[in-house]
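Trainee:
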Amino acid sequence: MAPTKEEEIKLKNYNADLSKLGSAERFLKVMLDIPFAFKRFEAMLYSSNFDLEVNYLRKSFQTLEV
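The sequence shown begins at 17 in our numbering and counts up one residue at a time.
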């Protein structure tokens, strides 16, 4: 989801008309202005998937115990 360093630099340096960018590029350009936006997003994803991951691991451990 996060842009590469090269993409990040290009987007940060882009000063032309934003309407000339695609919707994905406009979204990323705005996201780059938010401090730690991608780290926050990753944390939200981790939090939302946490219960699923725990259940998966429990089932895996139960299989190993049998």
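Using N, Cα and C, we set each Cβ at its ideal position, and we do this for glycine too.
Indicate whether at least one CB of chain C lies closer than 7 Å to the CB of S39.
Mentor: Protein chains in the displayed structure number just one, and chain C is not present.
Trainee: Between the alpha carbons of Y62 and L37, how many angstroms are there, rounded?
Mentor: Working through the sequence shown from its first residue, we reach residue 62 at position 46. Working through the sequence shown from its first residue, we reach residue 37 at position 21. Going from the Cα of Y62 to the Cα of L37 covers about 30 Å.
Trainee: Does the Cβ-Cβ distance between S48 and L27 come in under 7 Å?
Mentor: For the purposes of this step, residue 48 is identified with residue 32 of the sequence shown, where counting begins at 1. For the purposes of this step, residue 27 is identified with residue 11 of the sequence shown, where counting begins at 1. Here residue 48 turns out to be Leu, not Ser, going by the sequence shown. Their beta carbons are under 7 Å apart, which means L48 touches L27 by this criterion.
Trainee: Quick one: give me the first and last residue of the alpha helix (DSSP H) that K36 is part of.
Mentor: Start at 1 with the first residue of the sequence shown, and residue 36 comes out as number 20. It is not in any alpha helix (DSSP H) - K36 carries neither H nor E in the DSSP assignment.
Trainee: State the Cα-Cα distance for the pair L80 and N71, rounded to the nearest angstrom.
Mentor: Sequence index remark: in the sequence shown, residue 80 carries index 64 (1-based). Sequence index remark: in the sequence shown, residue 71 carries index 55 (1-based). Looking at the two C-alpha atoms, the distance is approximately 14 Å.
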